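Heads up: the sequence lines are chains A and B, in that order.
Going left to right, the first sequence walks through residues 2 to 663 as my numbering numbers them.
Going left to right, the second sequence walks through residues 17 to 93 as my numbering numbers them.
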Amino acid sequence: MSDHSLNIKPLNLMPPSELIAIIGNPNCGKSTLFNHLTGLNQKTANYPGVTVEKRQGILFYEGQRINLIDLPGTHSIYPHSEDERIAVKVLQGAIKGTKAPDKIIYVLDATQIYQGSLLLQQLSEINIPILVVLTMNDIAKKKNISLASEKLSQLLKGIQVMPVNAKDGEGMNALIKAIFKKESAVVFPINPLPTEMSIDEETQYRFRWNKQLIETIQTNKLKNNEISLGQFIKSFIDRPLPSTLLFVLSMAVVFQAVFAWSTPLMNLIDYVTTFIASSADELIPEGILNSFVTDGIIAGVGSVIIFLPQILILFLFIILMEDTGYLSRAAFLSDRLMRGLGLSGQSVIPLLSSFACAVPSIMATRVIPNNRDRIVTILTVPFMTCSARLPIYALLIGAFIPQQNWGWLNLQGLVLFALYLLGILGGTFTAVLLRKTVLAGPRPNFIQMIPEFRVPDIRSVLFKLLDRGKVFLKRAGTIILFVTMIVWFLSYFPRSESIELSLQNSLTEVTDESTIETLSNQAAAEQLEQSWLGRSGKTLEPLFAPLGWDWRVTAAVIAGFPAREVVVAVMGTIYAVGEEAEELTLANRLSAAVDAEGNRIFTMPMVIGLLIFYAWCLQCVATIAIIRRETNSWKWPAISWLYMTSLGYIGALGAFQIGSIL
Amino acid sequence: MKTMADLTTGQKAKIINFTEANPDLSRLMSMGLVQDIEVYCEGVSLGGDPKQFSFYGSHLTARNNTLKKIIIEIIDE
Numbered sequence: 002m003s004d005h006s007l008n009i010k011p012l013n014l015m016p017p018s019e020l021i022a023i024i025g026n027p028n029c030g031k032s033t034l035f036n037h038l039t040g041l042n043q044k045t046a047n048y049p050g051v052t053v054e055k056r057q058g059i060l061f062y063e064g065q066r067i068n069l070i071d072l073p074g075t076h077s078i079y080p081h082s083e084d085e086r087i088a089v090k091v092l093q094g095a096i097k098g099t100k101a102p103d104k105i106i107y108v109l110d111a112t113q114i115y116q117g118s119l120l121l122q123q124l125s126e127i128n129i130p131i132l133v134v135l136t137m138n139d140i141a142k143k144k145n146i147s148l149a150s151e152k153l154s155q156l157l158k159g160i161q162v163m164p165v166n167a168k169d170g171e172g173m174n175a176l177i178k179a180i181f182k183k184e185s186a187v188v189f190p191i192n193p194l195p196t197e198m199s200i201d202e203e204t205q206y207r208f209r210w211n212k213q214l215i216e217t218i219q220t221n222k223l224k225n226n227e228i229s230l231g232q233f234i235k236s237f238i239d240r241p242l243p244s245t246l247l248f249v250l251s252m253a254v255v256f257q258a259v260f261a262w263s264t265p266l267m268n269l270i271d272y273v274t275t276f277i278a279s280s281a282d283e284l285i286p287e288g289i290l291n292s293f294v295t296d297g298i299i300a301g302v303g304s305v306i307i308f309l310p311q312i313l314i315l316f317l318f319i320i321l322m323e324d325t326g327y328l329s330r331a332a333f334l335s336d337r338l339m340r341g342l343g344l345s346g347q348s349v350i351p352l353l354s355s356f357a358c359a360v361p362s363i364m365a366t367r368v369i370p371n372n373r374d375r376i377v378t379i380l381t382v383p384f385m386t387c388s389a390r391l392p393i394y395a396l397l398i399g400a401f402i403p404q405q406n407w408g409w410l411n412l413q414g415l416v417l418f419a420l421y422l423l424g425i426l427g428g429t430f431t432a433v434l435l436r437k438t439v440l441a442g443p444r445p446n447f448i449q450m451i452p453e454f455r456v457p458d459i460r461s462v463l464f465k466l467l468d469r470g471k472v473f474l475k476r477a478g479t480i481i482l483f484v485t486m487i488v489w490f491l492s493y494f495p496r497s498e499s500i501e502l503s504l505q506n507s508l509t510e511v512t513d514e515s516t517i518e519t520l521s522n523q524a525a526a527e528q529l530e531q532s533w534l535g536r537s538g539k540t541l542e543p544l545f546a547p548l549g550w551d552w553r554v555t556a557a558v559i560a561g562f563p564a565r566e567v568v569v570a571v572m573g574t575i576y577a578v579g580e581e582a583e584e585l586t587l588a589n590r591l592s593a594a595v596d597a598e599g600n601r602i603f604t605m606p607m608v609i610g611l612l613i614f615y616a617w618c619l620q621c622v623a624t625i626a627i628i629r630r631e632t633n634s635w636k637w638p639a640i641s642w643l644y645m646t647s648l649g650y651i652g653a654l655g656a657f658q659i660g661s662i663l
Numbered sequence: 017m018k019t020m021a022d023l024t025t026g027q028k029a030k031i032i033n034f035t036e037a038n039p040d041l042s043r044l045m046s047m048g049l050v051q052d053i054e055v056y057c058e059g060v061s062l063g064g065d066p067k068q069f070s071f072y073g074s075h076l077t078a079r080n081n082t083l084k085k086i087i088i089e090i091i092d093e
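Now the structure itself:
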C-alpha cells in the first residue's frame, strides 16, 4: 500500500457555499433575524481558544444553501471587548476555520440609526458587499419615527436597505431573495475620512455625520401630552426606590422558581430514573451487567438530566429578562452592591441564582462582558449554598445538632443559617482575594447600553432555551457521565467471591425477610469495604484522620465527588452494618458508629468540621465540567477545585482540632 | 465646571469635552456619546451612582468615576 490512499479527498460535488455574516449593534434584533432565517438549522460552538460563542446556521432557498454566521453585537470596528474583537476578526477572515464572509447583512435598529451608523460607515470601507436590514420598524412607528428606506439608501451611497419584521414575517421573503441574488452592488465608503485621525477623532467625526443623517431622514416629532400606559410604567420603574423594590421582587420570583418550580420536575426525573433502574434490576440477572446498567449508566444519565429543570427555568427567566430589556436595568440597580466585591452589576444574576445551583449560574456569567470579572464570578459562584448541599446539611444537622429553642430561634435553623453565611463569606473572601492577586487589574467599570423595553419574540426565546439545554448536555453531560462511571467502577471492583458465597450460604438458612435484607446490606457494605473505593478510603485515611474522619467517611466523600448529595447514599450503604441496621435511621446509625477502639466517630467537632468541609469544597463534577466549558480551559476548574478543597480541608481541620481541645 | 457625574434626574446637558483619553471614554464615544450632543439624565441608581442617560433614542449607563471625566454645560429649559 502506498501513501496515496491517505491523500484521496472526497469528491466535492457541492460548490463551496457562500458565507454571510450578520452584524450590528448589541440588541439590534440580530439574533431574532438569525433565528428566523435559519430555524433549527443552527449550531453553537466556541471560537478556537476563546469563550466567545460561534453561532452558525444554514439558510435554504429553492435548492440552494447559504451559510450564515451571527456575529457578536458590536459598536465599532475598534473593539473594546473579547466579543467585539472576535466579530472584527471574522470580518477580516483572521479566524482559523472561518472564512472571510462574502457578504454582510448589517442589522440596523430603526430607533437607533444615530448609534448604529458608526459601524456601518466603517464597514463600508472594507470591500465586502453590504445589505442593510432595518429592524424594529414597528417600535419606530409607535415612537413616531418615520423612515423612508429609499432615502436612507440614497444617503448610504446606494447600499440596499430592506425593512423587515422577523416576528410577523413582513419583508422576510424579499430579504431572502436579496440574500441569494448572485451579483452584489459595489460598496462605496459612506463617509470617507478627510485626513489621518486618531480613533477617538474618527469616532467623533463619524458621529457628526450620523447626527446630520438622522436630522435629514427623521421627522421625529414626539406627540406631547400623551402619556401611554407603557410610558407611565416606565417612568415608575426608572425611579430608584420603586425600581429597587421591583428588582428585589423579580429576583425573589426567579430564586423561588429555580428552587421550588424545578423540584417537582426533578422529583419526576428522579422517579423515572429510579423506575427504569428498578425495572432493569428485575430484568437483568444479579451481577456486573446489572450493577453497570442500574448504578452506572442509568444513575449516570439520571445525574446529568436532573440538572435540566433548573437550567431551563433559570435560563427562561434570564432570556426573558434579556429580551425584554430588564436584565441591563437589573444590573444598573445592583451595580452599587456588587462593587463591594470588586465586581459590577452584571454579576448579580449568576451570584443570586447560585443559591439554587452553580451549573446554570456559571452558564449565566456570559452576560458579563469583561473576562476578568467573569472569571472572578465563576470562581465565586460555587461557594453559595446550592440545593445539592441541603440533603447533606439536613442529614448531619438532623442527626447531631440538638433540637433546642430560644424563643422563636431554633438551634438547627441557626446552624443552617450559619452554613449559608459561611458560603457567602467564603465567596466574598474569594472574590476579594482574586481581585487582589491573580485577577488584579483596573477597577471594573460599568458601561452599558440599556435597550428599550420590548415584548420578547417567543420563537427566539425558545431557540435560545433549546440551545442552552443542548450546550449543557453536550459539553458538561459527557464529563459528568464519564466521572460517574469511574466512581461506579471504583465502588464495584474488585468483587469478593467469598463475601458473595457466604451471603448465599447464610441466605439459604433464613426465610425471614428482614433478616435477608440485613444480611444483604451487610454483604454490600463488606463488598464496598474491599472495593477500590473502600481501599482508597483506607489508604487516604491518614490524610483525613486529623479531621476526625475514618476510612468510611473518607470513602463516602470520595464517592461524593461526582455529586455531593451522593455522599448520603454511600454513607447509607457503608454504615448499614450490624444487626440493628434495619431498625435505625441513617442518622441514628451515624451517631452510633464507632472506630476500632470503640470511640464515637461523629463527635460534635467532627460533624461541624464535615459541615464546613461541605460548605466550602467543590464536590460537584457538573460544576467542574461547566467551568471547563465556560472558561475553555482546564486551568480554572483545576484551580477552583484545589482551592476550594484546601479551604474545606483547613476549615474542617480547624473545627475538629479546636473543638477537640475545648 | 460641571461634569456628567453632577447631573441629576431630569436634567439636560450638552457635552463640551473629555478631560482625558482612555478606553472607557473611547467606548462611550463608540456608543455615540460625543462632543456637542445633548444628553438627558433619565435616572440614577440608589445612592446616585451609576447614572442613566438618553440621547437620540439610546439609553446608556455608566459610573460616576467614568462620567466625571466628561465636561458638560447644563441646558436650562
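Glycine included, every Cβ here is placed at the ideal spot set by N, Cα and C.
Quantities reported herein were computed from a predicted structural model and do not represent experimental measurements.
is_contact[residue i, chain B] using C-beta, thresh 7 angstroms
{"i": "arginine 337 of chain A", "result": "yes"}
{"i": "serine 388 of chain A", "result": "no"}
{"i": "aspartate 374 of chain A", "result": "no"}
{"i": "glutamine 347 of chain A", "result": "no"}
{"i": "tyrosine 115 of chain A", "result": "yes"}
{"i": "phenylalanine 248 of chain A", "result": "no"}
{"i": "threonine 624 of chain A", "result": "no"}
{"i": "isoleucine 228 of chain A", "result": "No answer about isoleucine 228 of chain A holds up, because its pLDDT of 47 lies below 50 and its placement is not dependable."}
{"i": "phenylalanine 333 of chain A", "result": "yes"}
{"i": "aspartate 139 of chain A", "result": "no"}
{"i": "serine 18 of chain A", "result": "no"}
{"i": "aspartate 201 of chain A", "result": "yes"}
{"i": "glutamine 123 of chain A", "result": "no"}
{"i": "proline 1 of chain A", "result": "Summary: the structure shown does not reach residue 1 of chain A, with chain A confined to residues 2 through 663, and so no result is reported for it."}
{"i": "threonine 245 of chain A", "result": "yes"}
{"i": "threonine 204 of chain A", "result": "yes"}
{"i": "threonine 112 of chain A", "result": "yes"}
Cross-strand partners of residue i (DSSP beta bridge)
{"i": "proline 164 of chain A", "result": "A/Leu135"}
{"i": "tryptophan 407 of chain A", "result": "A/Leu410"}
{"i": "methionine 450 of chain A", "result": "B/Leu76"}
{"i": "cysteine 57 of chain B", "result": "B/Phe69"}
{"i": "leucine 109 of chain A", "result": "A/Leu135"}
{"i": "arginine 56 of chain A", "result": "A/Thr45, A/Asp71"}
{"i": "isoleucine 24 of chain A", "result": "A/Tyr107"}
{"i": "asparagine 33 of chain B", "result": "B/Ile87"}
Whole-angstrom distance between residue j and residue i, CA atom to CA atom
{"i": "threonine 438 of chain A", "j": "glutamate 36 of chain B", "result": "28 angstroms"}
{"i": "isoleucine 131 of chain A", "j": "proline 190 of chain A", "result": "11 angstroms"}
{"i": "isoleucine 306 of chain A", "j": "valine 60 of chain B", "result": "42 angstroms"}
{"i": "phenylalanine 61 of chain A", "j": "lysine 44 of chain A", "result": "15 angstroms"}
{"i": "proline 403 of chain A", "j": "aspartate 468 of chain A", "result": "47 angstroms"}
{"i": "alanine 46 of chain A", "j": "lysine 475 of chain A", "result": "11 angstroms"}
{"i": "isoleucine 72 of chain A", "j": "methionine 607 of chain A", "result": "Per the sequence shown, the amino acid found at residue 72 of chain A is leucine instead of isoleucine. Their backbone Cα atoms lie some 53 angstroms apart in a straight line."}
{"i": "threonine 431 of chain A", "j": "proline 383 of chain A", "result": "11 angstroms"}
{"i": "isoleucine 613 of chain A", "j": "leucine 423 of chain A", "result": "8 angstroms"}
{"i": "leucine 536 of chain A", "j": "serine 592 of chain A", "result": "It is arginine, not leucine, that sits at residue 536 of chain A in the sequence shown. One C-alpha to the other measures close to 23 angstroms."}
{"i": "lysine 178 of chain A", "j": "isoleucine 425 of chain A", "result": "55 angstroms"}
{"i": "leucine 250 of chain A", "j": "leucine 342 of chain A", "result": "23 angstroms"}
{"i": "isoleucine 53 of chain B", "j": "asparagine 446 of chain A", "result": "23 angstroms"}
{"i": "leucine 434 of chain A", "j": "threonine 366 of chain A", "result": "19 angstroms"}
{"i": "leucine 619 of chain A", "j": "glutamate 566 of chain A", "result": "12 angstroms"}
Any chain A beta carbon closer than 7 angstroms to residue i
{"i": "isoleucine 88 of chain B", "result": "no"}
{"i": "aspartate 92 of chain B", "result": "no"}
Quiz prompt | chain A contacts from the region 39-51 of chain B (Cβ-Cβ distance under 7 angstroms) | solution = Here the close residues are Pro39, Asp40, Ser42, Arg43, Leu44, Met45, Ser46, Met47, Gly48, Val50, Gln51.
Quiz item: Three or more beta-carbon pairs under 8 angstroms between the region 442-456 of chain A and the region 327-342 of chain A, yes or no?
Solution: yes
Quiz prompt | Residues of the region 55-86 of chain B whose Cβ lies closer than 7 angstroms to any Cβ of chain A, in chain order | solution = For the region 55-86 of chain B, the residues whose beta carbon sits under 7 angstroms from a beta carbon of chain A are, in order, Glu58, Gly59, Val60, Ser61, Leu62, Gly63, Asp65, Pro66, Gln68, Tyr72, Gly73, Ser74, His75, Leu76, Thr77, Ala78, Arg79, Thr82.
Practice problem: Identify each residue in the region 432-462 of chain A for which the Cβ-Cβ distance to at least one residue of chain B is less than 8 angstroms, and report them in chain order. | Solution: Arg444, Asn446, Phe447, Ile448, Gln449, Met450, Ile451, Pro452, Glu453
Self-check item: Touching by the beta-carbon criterion (3+ pairs, under 8 angstroms), the region 162-178 of chain A and the region 124-143 of chain A
Solution: yes
Exercise. Output, in sequence order along the chain, the residues in the region 209-220 of chain A whose CB is closer than 8 angstroms to any CB in chain B.
Key: Arg209, Asn211, Lys212, Ile215
Quiz item: Would you call the region 390-407 of chain A and the region 295-309 of chain A in contact, with 3 or more CB pairs under 8 angstroms?
Solution: no
Quiz item: Taking Cβ-Cβ distances below 8 angstroms as the criterion, which residues of the region 55-86 of chain A are in contact with chain B?
Solution: His76, Ser77, Tyr79, His81
Quiz prompt | the region 502-515 of chain A contacting the region 536-545 of chain A, beta-carbon criterion three pairs below 8 angstroms | solution = With fewer than three CB-CB distances shorter than 8 angstroms, the region 502-515 of chain A does not count as touching the region 536-545 of chain A.
Self-check item: Residues of the region 19-37 of chain B whose Cβ lies closer than 7 angstroms to any Cβ of chain A, in chain order
Solution: Ala37
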